[in-house]
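K.L.:
Residue numbers (the numbering used here), protein chains in the order written: chain A, 35 to 148; chain B, 16 to 132. Positions of the beta carbon are idealized from the N, C-alpha and C atoms, including for glycine.
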Amino acid sequence: GENVEQHPSTLSVQEGDSAVIKCTYSDSASNYFPWYKQELGKGPQLIIDIRSNVGEKKDQRIAVTLNKTAKHFSLHITETQPEDSAVYFCAASPGTGTASKLTFGTGTRLQVTL
Amino acid sequence: GAVVSQHPSWVICKSGTSVKIECRSLDFQATTMFWYRQFPKQSLMLMATSNEGSKATYEQGVEKDKFLINHASLTLSTLTVTSAHPEDSSFYICSAISAGGVPDTQYFGPGTRLTVL
């Protein structure tokens, strides 16, 4: 089955700096890669996703890049703000329509300091 | 749009009792819903995939007789933890895929924290 590795496990940045979280996956059949933000005691919130036919996607301060050959994808957050502090999870899926299952990475705890 | 709710948000029960958790898609129809559990400071682990009108598909190692899943309508799935024990204490989260929305995108509920005494 799919295996998703995520690094780093914790990340501390100063407000205004950029943060980068990296994930690798094992199954070459995976072609859908979402990123979720989870605040303490809450459910995950989808922040951005990318499919295998695209190399990069951007939404305001958040961007995701995908390298299918190397089987890795990354989340980039620019101009970080204290409210960006949370746990971020990457995930991968074969994207086979409504039956697709997500395999999650182990999570990155991002701390944005003032 | 794409709001998923869960009820209750937290529950405390005695060992040996059963607990039912509801997952509802509020503004869309969900042909597929998923149930996850998450232990403190860990990732989400998929327990089962639930399709409306059919039996749930459980992940390896998940006891189907202990975690009963019912997906009776396009907006409601329930998870019943039967004969709960302290080791079942966890954060249970559901997600749903919109029948007419973006393929593969899962929208998550706020989670239910279960504590078994």
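With a threshold of 8 angstroms between beta carbons, is LYS76(A) in contact with chain B?
P.N.:
Interface residue, yes.
K.L.:
Let me see if you follow: with CB-CB separation under 8 angstroms, is LEU59(B) close to chain A or not?
P.N.:
Yes, contact with chain A.
K.L.:
In this structure, what does DSSP give as the bridge partners for ASN87(A)?
P.N.:
Bridge partners of ASN87(A): none, in fact.
K.L.:
Between the beta-carbon of SER33(B) and the beta-carbon of THR72(B), is there less than 8 angstroms?
P.N.:
Not in contact: SER33(B) and THR72(B) (Cβ atoms no closer than 8 angstroms).
K.L.:
Which runs of the beta strand (DSSP E) at least 3 residues long sit entirely within the region 104–130 of chain B? Give them in chain order.
P.N.:
Within the region 104–130 of chain B, the complete beta strand (DSSP E) runs of at least 3 residues are 105–113 and 121–123.
K.L.:
If the criterion is Cβ atoms closer than 8 angstroms, does the pair SER140(A) and GLN40(A) meet it?
P.N.:
The residue you asked about is not Ser; residue 140(A) is Thr in the sequence shown. The answer is yes: Cβ separation under 8 angstroms.
K.L.:
For ASP83(A), collect the residues of the same chain with a Cβ closer than 6 angstroms to its Cβ; drop the 5 residues on either side in sequence, then sort them by chain order.
P.N.:
PRO68.
K.L.:
Tell whether a beta-carbon distance below 8 angstroms holds between GLU73(A) and ALA125(A).
P.N.:
It is not a contact, given that the beta carbons lie outside the stated cut-off.
K.L.:
How do the region 118–130 of chain B and the region 75–89 of chain B stand: do at least 3 beta-carbon pairs fall below 8 angstroms, yes or no?
P.N.:
No, the region 118–130 of chain B is not in contact with the region 75–89 of chain B.
K.L.:
Would you list the residues sitting across from LYS35(B) in a DSSP beta bridge?
P.N.:
Answer by DSSP bridge pairing, in chain order: THR95(B).
K.L.:
Under 7 angstroms between beta-carbons, which chain B residues line up against LEU109(A)? List them in chain order, please.
P.N.:
Result: empty, since nearest Cβ-Cβ is about 15 angstroms, beyond 7 angstroms.
K.L.:
Would you check if there are 3 or more beta carbon pairs closer than 8 angstroms linking the region 106–121 of chain B to the region 42–59 of chain B?
P.N.:
A contact exists between the region 106–121 of chain B and the region 42–59 of chain B.
K.L.:
Along chain A, in chain order, which residues have C-beta atoms closer than 8 angstroms to that of GLY126(B)?
P.N.:
Under the 8 angstroms cutoff, chain A gives GLY75, LYS76 and GLY77.
K.L.:
Given a cut-off of 8 angstroms on the beta-carbon distance, is the pair GLY124(B) and GLN21(B) in contact?
P.N.:
Yes, these two residues count as a Cβ contact at 8 angstroms.
K.L.:
Taking only beta carbons into account, state which residues of the region 102–121 of chain B come closer than 7 angstroms to chain A, listed in chain order.
P.N.:
Residues passing the 7 angstroms Cβ filter: ILE108, ILE112, PRO118, ASP119, THR120 and GLN121.
K.L.:
Between the C-alpha atoms of PHE43(B) and THR103(A), what's the straight-line distance to the nearest angstrom?
P.N.:
Their Cα atoms are separated by approximately 36 angstroms.
K.L.:
Alpha carbon to alpha carbon, how far is ILE111(A) from ARG95(A)? Give it in angstroms, no decimals.
P.N.:
Roughly 6 angstroms separates the two Cα atoms.
K.L.:
What residues from chain A crowd round PHE123(B), counting only those whose CB sits closer than 8 angstroms?
P.N.:
The contacting residues are TYR70, GLY77, PRO78, GLN79 and LEU80.
K.L.:
State buried or exposed for ILE112(B), treating a residue as buried only when at least 16 other CB atoms are found within 10 Å of its CB.
P.N.:
With 16 or more other Cβ atoms within 10 Å, it is buried.
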